[in-house]
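Trainee: Here the numbering used here is used: the sequence shown runs in plain steps of one and ends on residue 837.
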Amino acid sequence: MTTLQNRLAEVFPEPRHRGLKAEIAEVCGVKPASVSNWFGNPEKVATISRENAEKLIAHYKLKVAAAWLAEGKPPKQPSDIGPGTDTTSAPAPHAAPSPEGGEPDLVITQYDETGGSMGHGFNLTDNPPGHIRSWRVTHEWLRLNVPVHTGVKNLAIVTGFGPSMKPMFNPGDPLLVDTGVKVVDHEGVYFFRVGDEGFIKLIQRVPEFDGPGVRLRVISKNPDFPPYDLSPKNPHFEVLGKVLTVWRSEQF
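What follows is the structure, given as structure tokens:
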């Protein structure tokens, strides 16, 4: 039987994004010190409750069984997910032979094959003018241009849509997104949905006016689109990923 620490390391592999343990503490309603023990103290913590395991599985969309994650009991996969089942929103980046015969290149695919529903039952605010299906890059390019991410398997391409983020990027421009980021833990550009609408916006965490909590301030780069606030507890709000890099096109 695996240890809790081994199981957590498997479902949350290195490099982990900053603030992950604090996120987990918030998701499960426990103290951050407890989560630190989950990850690093096998003598003190051998299991977690199935309720907390279910919260982690639901929040991070983990494809494992609650009993396995909580206590190490087989089977590892839930009964409705077989070994060949496709459980991702986009194919994970895969290897392709290098023309130079060295380390295989990485092929990073678009977030969703259809581009419209994004696999989540919602529509984008504007349809992008065509789609960028995939990028083929070297490992060296990834190390130099995208040094921080939650794992190569979580990288995907989203085609920029709508005018609200001009001049950061234009409709049709490629955006590299880390789909392993599921919580807004610091300021950045995020890919998210609210109900059946999809968005790419800059999000800031701002203190509540009369309480200890925070609100999310959603900001467009285009001044024609005013900012607005959103509650992180809104049940219709879901972070689909964090935008790591954008490439802005210019017409000549």
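C-beta: ideal position from N, C-alpha, C; glycine also.
These figures come from a predicted structure and were not determined experimentally.
Starting from the C-beta of residue 838, find all residues in its chain whose C-beta is less than 6 Å away, skip the five residues before and the five after it, and write them out in chain order.
Mentor: The displayed coordinates of the chain run from 586 to 837. Any statement about residue 838 would go beyond what the structure contains.
Trainee: With residue 763 and residue 745 assumed to form a contact (beta carbons below 8 Å), what rounded beta-carbon distance in angstroms separates them?
Mentor: The residue given as residue 763 occupies position 178 in the sequence shown. The residue given as residue 745 occupies position 160 in the sequence shown. That belief does not hold up - the Cβ atoms of residue 763 and residue 745 are roughly 16 Å apart, past 8 Å.
Trainee: Where does residue 718 sit, in a helix, a strand or coil, going by DSSP?
Mentor: For this step, residue 718 is matched to residue 133 along the sequence shown. DSSP places residue 718 in coil when its eight states are reduced to three.
Trainee: Counting along the chain, where does the alpha helix (DSSP H) carrying residue 640 start and finish?
Mentor: Position 55 of the sequence shown, counted from the start, is the residue given in the question as residue 640. First-last of the alpha helix (DSSP H) with residue 640: 635-645.
Trainee: So, with DSSP's three-state summary, where would you put residue 618?
Mentor: Locating residue 618 in the sequence shown gives position 33, where the first residue counts as 1. Looking at residue 618 - three-state DSSP - the assignment turns out to be helix.
Trainee: If you reduce the DSSP assignment to three classes, tell me which class residue 789 lands in.
Mentor: The residue given as residue 789 occupies position 204 in the sequence shown. Strand, per DSSP.
Trainee: In this structure, how does DSSP classify residue 772 when only helix, strand and coil are distinguished?
Mentor: As a working mapping, residue 772 is identified with position 187 in the sequence shown. If DSSP states are grouped into helix, strand and coil, residue 772 belongs with coil.
Trainee: Give the range of the beta strand (DSSP E) segment to which residue 803 is assigned.
Mentor: Locating residue 803 in the sequence shown gives position 218, where the first residue counts as 1. Counting along the chain, the beta strand (DSSP E) containing residue 803 begins and ends at 799-804.
Trainee: Exposed or buried, what is residue 818 when buried is set at 16 or more other beta-carbons lying within 10 Å of its beta-carbon?
Mentor: Here residue 818 is taken as the residue at index 233 of the sequence shown, counted from 1. Flag for residue 818 reads exposed.
Trainee: Please name the residue, chosen from 755, 650, 831 and 604, that lies closest to residue 774 on a Cα-to-Cα basis.
Mentor: Start at 1 with the first residue of the sequence shown, and residue 774 comes out as number 189. Residue 831 is the option with its Cα nearest to residue 774.
Trainee: Report the option in 813, 728, 790 and 755 whose CA atom is closest to the CA atom of residue 836.
Mentor: Locating residue 836 in the sequence shown gives position 251, where the first residue counts as 1. Answer by Cα proximity: 755.
Trainee: Applying the 10 Å Cβ sphere with the 16-neighbour rule, what's the burial state of residue 643?
Mentor: By 1-based counting over the sequence shown, the position of residue 643 is 58. Answer is exposed; the Cβ neighbour count stays below 16.
Trainee: Please classify residue 746: does DSSP put it in a helix, a strand, or coil?
Mentor: Residue 746 sits at position 161 when you count from the first residue of the sequence shown. It is coil, neither helix nor strand.
Trainee: Rounded to whole angstroms, what is the Cα-Cα separation between residue 795 and residue 654?
Mentor: The residue given as residue 795 occupies position 210 in the sequence shown. The residue given as residue 654 occupies position 69 in the sequence shown. The alpha-carbon atoms of residue 795 and residue 654 are separated by roughly 38 Å.
Trainee: Please say whether residue 827 and residue 733 have beta carbons closer to each other than 8 Å?
Mentor: In the sequence shown, counting from the first residue as 1, residue 733 sits at position 148. In the sequence shown, counting from the first residue as 1, residue 827 sits at position 242. No, they are not a contact pair.
Trainee: Considering only the beta carbon of each residue, do residue 662 and residue 648 sit closer than 8 Å?
Mentor: Start at 1 with the first residue of the sequence shown, and residue 662 comes out as number 77. Start at 1 with the first residue of the sequence shown, and residue 648 comes out as number 63. Against a cut-off of 8 Å, the Cβ pair of residue 648 and residue 662 comes out as a contact.
Trainee: Could you check the C-alpha separation between residue 748 and residue 728 for me, to the nearest Å?
Mentor: On the sequence shown, residue 748 is found 163 positions in, with the first residue counted as 1. On the sequence shown, residue 728 is found 143 positions in, with the first residue counted as 1. About 31 Å.
Trainee: Three-state secondary structure (DSSP) at residue 741?
Mentor: Here residue 741 corresponds to residue number 156 of the sequence shown, with the count starting at 1. It is a strand residue.
Trainee: Among the residues of its own chain, which have a CB less than 8 Å from the CB of residue 816, if the five just before and after it don't count?
Mentor: Locating residue 816 in the sequence shown gives position 231, where the first residue counts as 1. Closer than 8 Å at the Cβ level, and outside the excluded window around residue 816, lie 800, 801 and 822.
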